[in-house]
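Below is one structure; the comments refer to it alone.
In the UniProt record's numbering, the protein residues as written are 1 to 58.
Here it is in structure tokens:
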């Protein structure tokens, strides 16, 4: 229950800190998932599972 009348500066700061920590934790998990997906794609490409006729680097 969010009772704003009982909020002290300390409680507000703790709530903000926890929100920031949760956001950072989610971002780190997203980064790890992206890295794992990239590694799997690279592995599949090297094994020949993923093929491409032409890759144009610009």
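We put the CB at the ideal spot given by N, CA and C, even for glycine.
Whole angstroms is fine: what's the gap from residue 8's alpha carbon to residue 16's? 12 Å
Unbroken alpha helix (DSSP H) run spanning residue 7, endpoints: Careful: residue 7 lies outside any alpha helix (DSSP H) and carries neither H nor E.
Taking the straight line between their C-alpha atoms, what separation do you get for residue 18 and residue 33? 23 Å
Practice problem: Report the rounded CA-to-CA distance for residue 24 versus residue 30, giving the unit in angstroms. | Solution: 10 Å
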